[in-house]
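In what follows, a structure is listed as structure tokens, so that the remarks can point back to it.
In mature numbering (1 follows the signal peptide of the UniProt record, and there is no 0), the protein residues as written are -25 to -1, 1 to 266.
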């Protein structure tokens, strides 16, 4: 029998709730295609701003004991973030995220609310990515920890405090990457996620997004210490489908913003200078089509 890399084995195990049988049949679900665009993205060691078109497929569902979240982003860069071996073509990246929440209140059939918290869940999941640049990243991240679910009138606010373990790859070779593969140190992760619907007159709106903090994860491929990173991605969306076609929660259009500090944990080069491209401040336009 072929042995699986630990990350692949764990990913298969964590994906089981999404693929399992009627015992975990969904009570509710939402699936949508998304699009976002900005001309102000950045990449580490690149001093140019980059235009990206980003398509996404997102699915979320809830069942008797918890819920599942899956998202796949397909990111297409312009020529200032070139693909490997072809400087005239922009790189393409695939980034997948899966999270499963197991509600402790539902598992034990007990009210465990306290203060502003209505429930506590155990969250497990993974991130996977690949990108056809010379760097050739292949991120494999596993996460596990508690999620505190806040009691809000509409929508949700969740705070997850997790540990993460990342494996990745660098294809640049020595001296930039003496070690092409790296198993990073276990790190602390905090993730605040929210979706807050409200109305302005007859127009349904929602304020949504997440704010992630990732602690240092040891040395990078060149033996340089990684630093804490912060990623915030948020948007204000209007239910255009409801206003224009009287079809609620079908077509949402809005504006967003992405802030990324010390991207991927990068900060300093070997000579002590700050790397270019490690800070993103990007206004975005966004569309969602729910079906």
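We treat Cβ as the ideally placed atom computed from N, Cα and C, and that holds for glycine.
Residue 61, buried or exposed, once every other Cβ within 10 Å from all chains shown has been counted against 16: In the chain shown, residue 61 corresponds to position 86, counting from 1. Residue 61 counts as exposed, since fewer than 16 other beta carbons sit within 10 angstroms of its beta carbon.
Neighbourhood of residue 242 by C-beta distance below 6 Å, restricted to the same chain and skipping five residues each side: Here residue 242 is taken as the residue at index 267 of the chain shown, counted from 1. Within the same chain, residue 242 has close Cβ partners 202.
Completely contained alpha helix (DSSP H) runs for the segment 27 to 57, where each covers 4 or more residues: Here no run is fully enclosed.
Alpha carbon of residue 134 to alpha carbon of residue 42, nearest angstrom: In the chain shown, counting from the first residue as 1, residue 134 sits at position 159. In the chain shown, counting from the first residue as 1, residue 42 sits at position 67. Answer to the nearest angstrom: the Cα atoms are 15 Å apart.
For residue 217, the three-state DSSP class (helix, strand or coil): Taking the first residue of the chain shown as 1, we reach residue 217 at position 242. Look at residue 217 here: in three-state DSSP terms it is helix.
Reduced DSSP secondary structure (H/G/I, E/B, other) of residue 240: By one-based count along the chain shown, residue 240 stands at place 265. Three-state DSSP puts residue 240 in a helix.
For residue 82: DSSP bridge partner residues: The residue given as residue 82 occupies position 107 in the chain shown. According to DSSP, residue 82 bridges with nothing at all.
Candidates 108, 154, 36: closest to residue 195 by CA position: Taking the first residue of the chain shown as position 1, residue 195 is located at position 220. It is 154.
Contact set for residue 5: own chain, Cβ-Cβ below 7 Å, skip 5 residues either direction: Sequence index remark: in the chain shown, residue 5 carries index 30 (1-based). Excluding positions up to five away in sequence, the list reads 35, 265.
Which residues DSSP lists as bridging residue 140, in chain order: Locating residue 140 in the chain shown gives position 165, where the first residue counts as 1. Note: residue 140 sits in a beta bridge opposite 117.
In DSSP terms, what residue 229 is bridged to: For this step, residue 229 is matched to residue 254 along the chain shown. 212, 261.
Test item: CB-CB of residue 230 and residue 183 under 9 Å: As a position in the chain shown, residue 230 is number 255, starting the count at 1. As a position in the chain shown, residue 183 is number 208, starting the count at 1. At the C-beta level, residue 230 and residue 183 stay beyond 9 Å of one another.
Opening and closing residue of the beta strand (DSSP E) in which residue 167 lies: Within the chain shown, residue 167 is the residue found at index 192, counting from 1. DSSP places residue 167 inside the beta strand (DSSP E), whose first and last residues are 162 to 175.
Rounded C-alpha distance that separates residue 18 from residue 248: Stepping through the chain shown from its first residue, residue 18 is reached at position 43. Stepping through the chain shown from its first residue, residue 248 is reached at position 273. Each residue's alpha carbon lies about 16 Å from the other.
Other residues of its chain near residue 64: CB distance less than 6 Å, five sequence neighbours each side excluded: Position 89 of the chain shown, counted from the first residue, corresponds to residue 64. 58.
For residue 40 and residue 77, the rounded distance between their alpha carbons: Here the question's residue 77 lines up with position 102 in the chain shown. Here the question's residue 40 lines up with position 65 in the chain shown. About 6 Å.
Expected contact under 8 Å - CB spacing of residue 47 and residue 8 to nearest Å: As a first step, residue 47 is located in the chain shown; it is residue number 72 there, counting from the start. As a first step, residue 8 is located in the chain shown; it is residue number 33 there, counting from the start. About 10 Å separates the two Cβ atoms, so there is no contact after all.
Sequence-distant residues of the same chain with beta carbon closer than 7 Å to residue 38, five excluded per side: For this step, residue 38 is matched to residue 63 along the chain shown. Only residues of its own chain outside the window of five on either side were considered, and among them -2, -1, 1, 2 have a CB closer than 7 Å to the CB of residue 38, listed in chain order.
Residue 199 in three-state terms, based on DSSP: The count along the chain shown starts at 1 and reaches residue 199 at position 224. Here residue 199 carries a coil assignment [DSSP, helix/strand/coil].
From 103, 251, 107, 132, residue whose alpha carbon lies closest to that of residue 52: Taking the first residue of the chain shown as 1, we reach residue 52 at position 77. Measuring from the Cα of residue 52, the nearest candidate turns out to be 107.
When 144, 56, 214 are compared against residue 20, the one with the closest alpha-carbon: Mapped onto the chain shown, residue 20 falls at position 45. The candidate whose alpha carbon is nearest that of residue 20 is 56.
Spatial distance of residue 170 from residue 81 (CA atoms): Residue 170 sits at position 195 when you count from the first residue of the chain shown. Residue 81 sits at position 106 when you count from the first residue of the chain shown. Residue 170 and residue 81: Cα-Cα distance of roughly 22 Å.
For residue 10 and residue 257, the rounded distance between their alpha carbons: As a working mapping, residue 257 is identified with position 282 in the chain shown. As a working mapping, residue 10 is identified with position 35 in the chain shown. If you draw a straight line from the Cα of residue 257 to the Cα of residue 10, it is about 15 Å long.
Contact set for residue 338: own chain, Cβ-Cβ below 6 Å, skip 5 residues either direction: Residue 338 lies beyond the residue range present for the chain, which begins at -25 and ends at 266; the question has no answer from this structure.
Sequence-distant residues of the same chain with beta carbon closer than 6 Å to residue 140, five excluded per side: Here residue 140 refers to the residue found at position 165 when the chain shown is read from its first residue. Taken in chain order, the residues that qualify are 117, 161.
Outcome for residue 130 when other beta-carbon atoms lying within 10 angstroms are tallied against a minimum of 16: Here residue 130 refers to the residue found at position 155 when the chain shown is read from its first residue. Burial check for residue 130: the Cβ neighbour count within 10 Å stays below 16, so the residue is exposed.
Cβ distance (whole Å) where residue 50 is taken to contact residue 27 below 8 Å: As a working mapping, residue 50 is identified with position 75 in the chain shown. As a working mapping, residue 27 is identified with position 52 in the chain shown. So it is a contact: roughly 5 Å between Cβ atoms.
CB of residue 73 within 9 Å of CB of residue 44, strictly: Walking along the chain shown from the start, residue 73 turns up at place 98. Walking along the chain shown from the start, residue 44 turns up at place 69. Yes, the Cβ-Cβ distance between residue 73 and residue 44 is below 9 Å.
Residue 100 (DSSP reduced to helix, strand or coil): Residue 100 sits at position 125 when you count from the first residue of the chain shown. DSSP places residue 100 within a strand segment (E or B) once states are collapsed to three.
Contact under 9 Å by Cβ, residue 99 with residue 136: Here the question's residue 99 lines up with position 124 in the chain shown. Here the question's residue 136 lines up with position 161 in the chain shown. Residue 136 sits away from residue 99, with the two beta carbons spaced by 9 Å or more.
Those residues which DSSP pairs with residue 13 across a bridge: The residue given as residue 13 occupies position 38 in the chain shown. Paired residue(s): 27.
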